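All you need for the working numbering is the position in the sequence shown, starting with 1, plus 5. For each residue, glycine too, the CB sits at the ideal point set by N, CA and C. Nothing here was measured: the structure is a model prediction, and the numbers come from that model. The next block holds one structure in the form of C-alpha cells; read it before the comments.
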Amino acid sequence: MKEKDIRPDKLQRENQRLRQQDARRLLAQRRKFIKVFCPACGGKSSQTIFKKEGFNFVQCCCCETIFINPRPSFSLLADFYGNSSCIKYWNNKIFPISENVRRRQIFAPRATRVVALCKKYSVDNSLLVDVGAGFGTFCEEIKKKKFFKKVLAIEPSVDLAATCRRKGIETIEKTIEKTVLKRASVITSFELIEHLFNPKEFISACAKSLAKKGLFIITTPNVKGFDFSVLGKKADNFGGPNHLNYFHPQSLKILLESCGLEMMEVATPGKLDAELVRKKILSGESDAKESPFLKQILIDRWEKLGGKFQNFLAENNLSSHMWAVARKK
Ligand SMILES: [Zn+2]
6 MKEKDIRPDK LQRENQRLRQ QDARRLLAQR RKFIKVFCPA CGGKSSQTIF
56 KKEGFNFVQC CCCETIFINP RPSFSLLADF YGNSSCIKYW NNKIFPISEN
106 VRRRQIFAPR ATRVVALCKK YSVDNSLLVD VGAGFGTFCE EIKKKKFFKK
156 VLAIEPSVDL AATCRRKGIE TIEKTIEKTV LKRASVITSF ELIEHLFNPK
206 EFISACAKSL AKKGLFIITT PNVKGFDFSV LGKKADNFGG PNHLNYFHPQ
256 SLKILLESCG LEMMEVATPG KLDAELVRKK ILSGESDAKE SPFLKQILID
306 RWEKLGGKFQ NFLAENNLSS HMWAVARKK
C-alpha cells in the first residue's frame with residue numbers, strides 16, 4: 006500500500022488548505038478552549054513538548070500520552086465537525102475517488118482481521134456495531150463476510166449517515182454516548198478516539214453497550230511508533246484540532262481497563278511509517294544528515310530494505326498504527 010493511493014497528492018493539497026482554514030476558524034475561539042487532565046490515565050500533571058499551528062501539545066508526566074491541551078470544548082468541536090469544509094471535501098471528493106483502493110487495501114483486510122479476531126476469541130456473532138462508520142465501507146465489507154447476523158452503523162454526521170443508509174446499512178444517526186443499544190457482541194471503532202474531546206466517556210459508552218464477554222476492537226495512532234518518534238513535531242499525524250489524543254499501547258491499556266474492559270492484545274500492523282519518513286527526508290523537511298543510518302535504509306537501500314524494515318516495525322509493535330482488542334469483564 007502506498008500513501009498516494011489512499012490520499013492522492015493533488016487532493017491532499019486541497020485537503021491541507023481546507024484543514025488549515027477550518028483550524029483558523031476554530032483557533033479564533035481559542036479563549037473558549039478547556040484545560041483537561043490526561044485522557045488515558047487522568048493524570049493532572051503534564052508538560053508542553055511543542056506547539057504546532059496554534060495548538061499546544063503536552064505529554065502526561067505519568068503515562069506519556071501526548072494530547073492537545075487546552076483543547077476546544079465538546080460544543081466547539083461539534084460545531085467544528087458540523088461545519089468543516091475539510092470533512093465535506095472528504096465525503097464528496099476524497100472518499101468517492103479513493104474508495105475502491107481504500108476498500109481493497111484497508112477495509113477488506115480490516116474486515117478479514119475482525120472476523121479472525123472474533124473467531125480467535127469465540128465471540129457470539131449476533132450483532133456487530135461499527136461506531137463512527139463514516140463512509141460505510143467497513144460495514145459493507147463486514148456484511149460480505151456473512152459472519153454476523155446483524156451489522157449496525159453508528160454515525161452522527163448527517164451527510165455520512167445518509168451515505169451509509171444509501172448503501173443499505175442500518176444506521177443510527179447519533180453518538181454512541183446518546184444511544185441506547187441492545188447488547189452488542191462486538192463493537193468496532195476505527196481511527197476515532199484520537200479525535201474526541203473525552204475518549205473515556207466514549208469508551209465507557211461502548212463498554213456499556215457490549216454484551217458480557219463482548220469484544221471491543223479499536224484502532225488509533227501509536228505515538229511511540231516509528232514516524233511519530235523519528236519526525237516528532239514534523240510528523241503530519243501530529244495535527245490539531247483533528248487529532249487531540251495520542252495514545253500508545255500501555256496508555257491505551259490503562260484507558261480501556263478503567264472503563265471495565267480487559268485488554269486482550271495489541272498489535273501495530275501499520276504499513277506507512279517508513280514511507281512517511283522517507284517522504285520527509287526526500288522533501289528536505291527532515292534532515293537525513295542527522296540520521297545517516299536511517300538514510301541508508303530509507304533512501305540509499307530503499308528498494309531492497311524498505312519493505313523489510315516496515316515489516317520489522319509492524320511485527321514488533323513499533324509502527325504508528327495500532328490495533329487493540331479488549332473484552333468486557
Ligand atoms: Zn497519563
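| said: Could you compute how far the alpha carbon of H253 sits from the alpha carbon of I99? | reply: 28 Å
| field | Distance cut 5 Å, beta-carbon to ligand 1 heavy atom: residue list by chain order | value | C43, A45, C46, G48, C65, C67, C68, T70
| By DSSP, does I177 sit in helix, in strand, or in coil? | strand
| task | Leaving aside the five residues before and after I92 along the sequence, list all residues of the same chain whose C-beta is less than 7 Å from its C-beta, in chain order. | result | Y86
| query | Are the Cβ atoms of L249 and E196 separated by less than 8 Å? | reply | No; because the gap between Cβ atoms is not below 8 Å, this pair is not in contact.
| Per DSSP, the bridge partner or partners of Q52 | Here Q52 is bridged, per DSSP, to Q64.
| field | Counted within 10 angstroms of its Cβ, other Cβ atoms place T215 as buried (16 or more) or exposed | value | Residue 215 is actually Leu in this sequence, not Thr. So L215 ends up on the buried side.
| task | If I'm right that F55 touches K238 with Cβ under 8 Å, what's the distance once you round it to whole angstroms? | result | 4 Å
| Could you give the uninterrupted runs of the beta strand (DSSP E) lying entirely in the region 79-146, keeping only those of 3 residues or more? | 132-136
| At which residues does the alpha helix (DSSP H) containing P297 begin and terminate? | 297-300
| What is the rounded straight-line gap between the Cα of F298 and the Cα of N322? | 21 Å
| query | When you compare only the Cα positions, how much space is there between A166 and A116? | reply | 20 Å
| request: Leaving out five residues on either side along the sequence, give the residues of the same chain with a beta carbon under 6 Å from the beta carbon of L82. | output: F202
| Does the beta carbon of G275 fall short of 7 Å from some heavy atom of ligand 3? | Among the ligands in the structure shown, ligand 3 does not appear; only ligand 1 can be found there.
| said: Do A279 and Q315 count as a contact pair if the criterion is CB distance below 8 Å? | reply: yes
| field | Supposed contact pair S263 and I223 - C-beta distance, whole angstroms, cut 8 Å | value | In this structure I223 is not in contact with S263, their Cβ atoms being roughly 14 Å apart against a cut-off of 8 Å.
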